[in-house]
Amino acid sequence: MNCTTLILNIGESNYKDSISKAVHILKQGGTVAFPTETVYGLGADALNPVAVRKIFEAKGRPADNPLIVHIASIDTLDTIAEDIPPVAFELMGAFWPGPLTLVLRRKNTVPDITTGGLNTVAVRMPDNPVALALIREAGMPLAAPSANTSGRPSPTTAGHVMSDLSGRIDAVIDGGAVEVGVESTVLDVTSDVPVILRPGGVGVEDIRKHVGEVLIGYTDVEVGEGEVVRSPGMKYTHYSPDTRVILVEGESAVVRAKISELVESYSKKNMRAGLLITDETAEYVHADKMYSLGRRNEPEDAARNLFAGLRYLDGRNAGINVDVIIVDGSVKREGVGAAVLNRLRKAADELVEV
Ligand code: TXA
Ligand code: MG
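Quick note, our numbering runs 3 ahead of the 1-based positions in the sequence shown.
Laid out in structure tokens, this is it:
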């Protein structure tokens with residue numbers, strides 16, 4: 004599609020008007036990007052296959068990678084899912100609205116294109132007033148993947164959405180920068196023991212407080228072609244800038260030394276390194292272009308800065324021009340930190356474990 008993408012602002016004076024314009028587009032089977040607490044989503048009527056197809060086309064998303072269906076009220080759940088186990092309701096009570104997606108048995112009202120032909124449907128209730136108002140006013144569940152071009156870092160501002168999808172979607176609602184910064188945790192509750200298919204905004208430690216046992220069903224490395232996976236999204240390249248990304252993981256002092264060494268060796272080759280780096284490491288290492296991940300022991304900071312940092316250093320339009328992005332992987336692997344390190348590993352072309 005080639006169109007002009009409408010930018011809808013959400014201030015006190017134009018809030019209602021923007022939501023009603025967006026609702027109008029959605030009811031006509033169009034696409035609207037909107038803020039959630041995790042990342043921006045690209046929404047369309049989840050029950051309208053023609054509308055959902057536009058999402059896949061705009062993103063260049065493989066057809067077998069299913070979408071998350073967003074709802075604003077638990078009452079609408081039984082229009083899309085069935086045989087919902089008690090553990091799912093327990094988790095909804097604890098985490099909704101919020102960054103937890105539940106994989107449930109689907110009803111046939113949900114078209115195949117939305118679920119990638121699976122007999123399950125992924126559902127979540129986002130914790131963002133604009134998202135909730137949009138779903139409520141539109142009166143339909145919204146299918147919404149992250150509003151980026153497939154394979155690129157996820158968008159955490161409306162500007163990121165426009166830089167990927169301008170001219171390819173009908174509108175974007177600009178609700179400012181998101182709060183969480185990484186996507187929702189995806190939890191499959193269709194089996195006896197729930198399985199985490201993607202780490203995200205809700206930490207596994209918190210999920211464990213509500214369910215007896217949880218299995219980890221994801222890997223931090225990219226899964227090879229032809230391997231059978233439970234969540235189709237695992238197969239594809241993710242979160243990748245165009246620029247080469249080197250991730251350095253390990254104990255903080257060693258990571259610091261390794262990053263210094265890398266910066267120096269690139270500079271000797273007349274190549275420029277950009278750093279995505281914790282505040283602690285930044286006290287010791289310097290490069291022309293740096294972007295802060297925040298404090299090492301505050302994974303929430305890293306989550307909020309991660310995608311914006313990768314996009315900034317990739318600098319397609321910003322004149323950044325670095326030859327390599329070196330990432331400080333000394334972020335604490337706790338809570339949302341597991342999701343941060345998972346995204347970094349997937350974005351990385353090279354992992355250096357020191
Ligand atoms: O925070 C989020 O979840 C954001 C915001 C916009 O809500 N959305 C998001 O969607 O990250 P997306 O499409 O980028 O990622 C959805 C993930 C994919 O890895 C997909 O394979 C998996 O969820 N998924 C969706 N439906 C599934 C299903 N029925 N079974 C297993 N995995 C599923
Ligand atoms: Mg995505």
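The beta-carbon is built from N, C-alpha and C at its ideal position, and this holds for glycine as well. Bear in mind the structure is a predicted one, so any value in this text is a computation, not a measurement.
CA nearest to the CA of residue i, picked from the options
i, options, result
"residue 168", "276, 45, 78, 91", "45"
"residue 354", "253, 221, 79, 152", "253"
"residue 325", "248, 69, 22, 351", "248"
"residue 312", "294, 299, 318, 329", "294"
"residue 78", "59, 37, 256, 127", "127"
"residue 171", "185, 58, 235", "58"
"residue 9", "15, 103, 33", "33"
"residue 306", "270, 206, 224", "206"
"residue 242", "130, 154, 26", "154"
"residue 64", "327, 152, 50", "152"
"residue 76", "345, 27, 132", "132"
"residue 2", "72, 224, 273, 286", "Examination of residue 2 is not possible in this model, given that the chain is present from 4 through 357 alone."
"residue 204", "337, 82, 80", "337"
"residue 215", "192, 233, 202", "192"
"residue 269", "160, 157, 327", "327"
"residue 235", "118, 256, 85", "118"
"residue 292", "275, 308, 12", "275"
"residue 87", "157, 197, 148", "197"
"residue 310", "279, 194, 157", "157"
"residue 244", "272, 107, 323", "323"
"residue 115", "162, 66, 209, 139", "66"
Three-state secondary structure assigned by DSSP to residue i
i, result
"residue 18", "helix"
"residue 269", "helix"
"residue 208", "helix"
"residue 35", "strand"
"residue 366", "No answer is possible for residue 366: the residues shown for the chain start at 4 and end at 357."
"residue 23", "helix"
"residue 128", "coil"
"residue 58", "helix"
"residue 3", "The displayed coordinates of the chain run from 4 to 357. Any statement about residue 3 would go beyond what the structure contains."
"residue 165", "helix"
"residue 295", "strand"
"residue 192", "coil"
"residue 133", "helix"
"residue 283", "helix"
"residue 138", "helix"
"residue 175", "strand"
Residue i vs residue j beta-carbon contact at 8 Å
i, j, result
"residue 301", "residue 183", "no"
"residue 55", "residue 141", "no"
"residue 134", "residue 69", "no"
"residue 281", "residue 298", "yes"
"residue 43", "residue 174", "no"
"residue 277", "residue 250", "no"
"residue 289", "residue 93", "no"
"residue 220", "residue 38", "no"
"residue 233", "residue 200", "yes"
"residue 343", "residue 257", "no"
Residue i beta carbon near the ligand GTP (any heavy atom closer than 7 Å)
i, result
"residue 104", "Here the bound small molecules are the ligand TXA and the ligand MG; the ligand GTP is not part of this structure."
Supposed contact pair residue j and residue i - C-beta distance, whole angstroms, cut 8 Å
i, j, result
"residue 50", "residue 129", "Residue 50 to residue 129, Cβ: 18 Å. No contact."
"residue 47", "residue 176", "Going by Cβ atoms, the distance from residue 47 to residue 176 rounds to 14 Å, so no, they are not a contact pair."
"residue 28", "residue 137", "That belief does not hold up - the Cβ atoms of residue 28 and residue 137 are roughly 10 Å apart, past 8 Å."
"residue 74", "residue 113", "At roughly 12 Å, the Cβ-Cβ gap does not stay under 8 Å, so residue 74 and residue 113 are not in contact."
Per the contact definition of three or more C-beta pairs closer than 8 Å, is the segment 185–201 in contact with the segment 94–104? At 8 Å Cβ cutoff, the stretches touch.
Would you be able to state if there are at least three C-beta pairs under 8 Å between the segment 325–342 and the segment 257–274? Judged by Cβ distances under 8 Å, the segment 257–274 makes contact with the segment 325–342, as three or more pairs qualify.
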